[in-house]
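Letter by letter, the sequence shown follows residues 978 to 1137 in this note's numbering. In what follows, a structure is listed as structure tokens, so that the remarks can point back to it.
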Amino acid sequence: RWVKHFEDLAEAREQKSGVMQFLLYFRIAANFGADWAEDVCSLERVGILPAGTLSVEFMLFAEYCQLALALVEIWVTSARARREAELSLLAEEAGVAAPKLLSQQRKLALVRLELVKFVSDVGKAIFDCELYFAHEGVFIGCALFSGILSTHKNMFKILK
């Protein structure tokens, strides 16, 4: 799964904003770290590596990568949501045809929904990182909510 992140390098290189370019490269690094570490942890879970081979710290590394990734995704998706809101407003002011305007507004709604999902992912990641202030109830709620939103996103792609 982590191999697909090589495709994101072109998007990061094309960014004109230095901050956004840094965030996209950071997102790629966090994705690589999280996916790679989770794959190695899975090798131990399925028995390819003997139990106890990996340290707790190594397993937490994957969780901290997921937390960093969720935080970066919030920032990047917030920028996308602002851009989509501006495009939607410009389309509305320009008197764009109703079907095209509706399409733009739906795109904005999906980006905002994705943003909410990443905020929920932070709630999950805080618990997974075993931070002292984490609460299991928040984790369960965020995990369920993120799962529902991910399912919605996948269904929307398939049924589109």
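Glycine residues also receive a C-beta, built at the ideal position from the N, C-alpha and C atoms.
Item	Value
Residue from Met1036, Val1099 and Leu1085 whose Cα sits closest to the Cα of Trp1013	Met1036
Cα-Cα separation, Arg1004 to Gln1043	10 Å
Buried or exposed by the 16-neighbour rule on C-beta atoms within 10 Å, applied to Lys1134	exposed
Nearest residue (CA-CA) to Leu1066, options Glu1015, Asp1105, Ser1127 and Gln1082	Gln1082
Glu1107 (DSSP reduced to helix, strand or coil)	coil
Range covered by the alpha helix (DSSP H) that runs through Thr1128	Glu1113 to Leu1136
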